[in-house]
Structures are given as C-alpha cells and as structure tokens.
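The structure appears right after this line, and notes come after that.
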C-alpha cells in the first residue's frame, strides 16, 4: 500500500504505549504514537503508520531490530525514544551508548525523513527513580548535541512539568497513563509545528488520603510492580521478551 506520508515510531514501552490500556488492540495498549498517527491522518488522510516499539528494549536492541525495517519503509516522519532502559541498569557507559545513537540518527536523517528525538523525563517526584536524575541529565545533554548536529526535532520531556502530576502516570508509576499519553501526543504535535485538535487529557479528581491509605498503596505498588520489575532484572528477562511489534507494517491509522 502506497502512502505519500509514512510515519514510523521506534523505541521501547514509552512508544509502544504501555500504560494506555486498550485490550482490543495489539499488545493491549494504544499510546501517544497511535493517537498522533490518527490525528495526522484526520488532517491529511494519506498517512501510513507503523509502530515497531517493544517494551523493555534497550538501545542496542532497538537499533539492531528496528532501524533497518524502519528505513526499508522509506519513512517521511520518524519518532525515536531509546536508551532510558539502559540508564536503569546497574552500570552503563552513556558516552558509548550515544555514539551508536548518533550513527543511527544520522542514517535516519540521511534517508530524508523528518526525525523527532526525545529527552528523558526528570523523575524528581519519584523516590525510586529520582536517583537516576544525574544519569538522565547527562544522557539528555548528549541527546541535545545529537539533535543539534543532525538538525532533528526534539521533544524535551525533561522540561514537561505537567508530568510531575501522578495522574499522568499509570498504576506502575513507570509508564504514562492514558491522560499522560494524550498529553504527550499534544506535545509531539507542538514539536512538529502542527496544529492540534486533540482534546485536553481528562484527569481524575485528586483524592485526599490518610497516612494509612498511602502506606497501604505503597506496599501494594512495591508488591505488584517493583518486585516483579526487580525480579526480571535479576533474571535478565524483559516484559517484552515474548512480544512482537504492534504495527510492524505500514497501515492506515
């Protein structure tokens, strides 16, 4: 199927759409990239869309598995978010990581595609992930250098303070909620310089909770999400090990 505009999304759980539950869709999620693609098609129907992102993927896996298939589709627009899973490992060579990223971005830009990169989020509101702020800041500065070098667009997630609101995050406190994905789609449209008719995210009302309720929620979160996450790291496993890309071929959004 031929399209005059072809959008290919690359990355990990952030781009796959984890946290935006949609049982009727592949892998049970929707996400900001699906929302973006549908909006682009509503403005100009001649869009093809593929999403190659898979949760848990690290930088080398994303580049090894997704770059060549993306280039083969001759994309006119590419979004790529990669490397944050690497930052969560006990040890990481951020400089070496970004050398590979630089080469991949150069190839994407050289194909003629419009490319959008992302910085990592400033997780200062999280007691667990706030310890990664230093790594993420270094990663972000290198991402900005690569973006400047190749002339890509940049979605500067680090500076999006609305995501300090926990209602923008799913129950696991790692992935964005449906409102968070909706807001990210708006932010990406802003970075593309395109007008948005997407509605504002509908946030649930804030609930006043007792100390006991907050402690119980913290214990449940640790049991249901932190424990399994640590267990996968110990085993060298990933939540995406048995998953395939949601939209591996260009399709109408």
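Numbering (the working numbering), first residue to last: 1196 to 1448. Ideal Cβ placement from N, Cα and C applies to all residues, glycine included.
When the Cα atoms are used, what is the spatial distance from residue i to residue j?
i: residue 1208; j: residue 1386; result: 21 Å
i: residue 1451; j: residue 1310; result: Because the chain spans 1196 through 1448 in this model, residue 1451 falls outside it and cannot be assessed.
i: residue 1291; j: residue 1332; result: 16 Å
i: residue 1294; j: residue 1373; result: 33 Å
i: residue 1199; j: residue 1230; result: 19 Å
i: residue 1342; j: residue 1322; result: 30 Å
i: residue 1440; j: residue 1227; result: 15 Å
i: residue 1264; j: residue 1258; result: 10 Å
i: residue 1238; j: residue 1383; result: 15 Å
For the beta strand (DSSP E) that contains residue i, what are its first and last residues?
i: residue 1312; result: 1309-1313
i: residue 1210; result: First-last for residue 1210: 1208-1211, but that is the alpha helix (DSSP H), not the beta strand (DSSP E).
Going by C-alpha to C-alpha distance, which of the options sits closest to residue i?
i: residue 1367; options: 1206, 1214 and 1200; result: 1214
i: residue 1380; options: 1211, 1307, 1288 and 1329; result: 1211
i: residue 1397; options: 1384, 1382 and 1363; result: 1363
i: residue 1434; options: 1258, 1298, 1228 and 1248; result: 1248
i: residue 1436; options: 1252, 1265 and 1321; result: 1252
i: residue 1283; options: 1369, 1246 and 1337; result: 1369
i: residue 1272; options: 1203, 1361 and 1286; result: 1203
i: residue 1393; options: 1255, 1320 and 1232; result: 1232
i: residue 1260; options: 1242, 1205 and 1280; result: 1205
i: residue 1304; options: 1359, 1442, 1270 and 1238; result: 1270
i: residue 1306; options: 1201, 1197 and 1442; result: 1201
Pull up the CB-CB distance for residue i and residue j, whole angstroms please, since I reckon it's below 8 Å.
i: residue 1236; j: residue 1378; result: 20 Å between Cβ atoms; not a contact.
i: residue 1313; j: residue 1352; result: 5 Å
i: residue 1276; j: residue 1445; result: Residue 1276 to residue 1445, Cβ: 20 Å. No contact.
i: residue 1300; j: residue 1347; result: 6 Å
i: residue 1318; j: residue 1328; result: 7 Å
i: residue 1320; j: residue 1281; result: Contact doesn't hold; Cβ gap of about 22 Å is too wide.
Below 7 Å, is the gap between the Cβ of residue i and the nearest heavy atom of the ligand GDP?
i: residue 1384; result: For the ligand GDP, the structure offers nothing, since it holds no ligand at all.
In terms of residues, what are the limits of the alpha helix (DSSP H) holding residue i?
i: residue 1305; result: 1289-1305
Looking at the structure shown, is residue i part of a helix, part of a strand, or coil, going by DSSP?
i: residue 1388; result: coil
i: residue 1444; result: strand
i: residue 1376; result: helix
i: residue 1265; result: helix
i: residue 1356; result: helix
i: residue 1201; result: strand
i: residue 1348; result: strand
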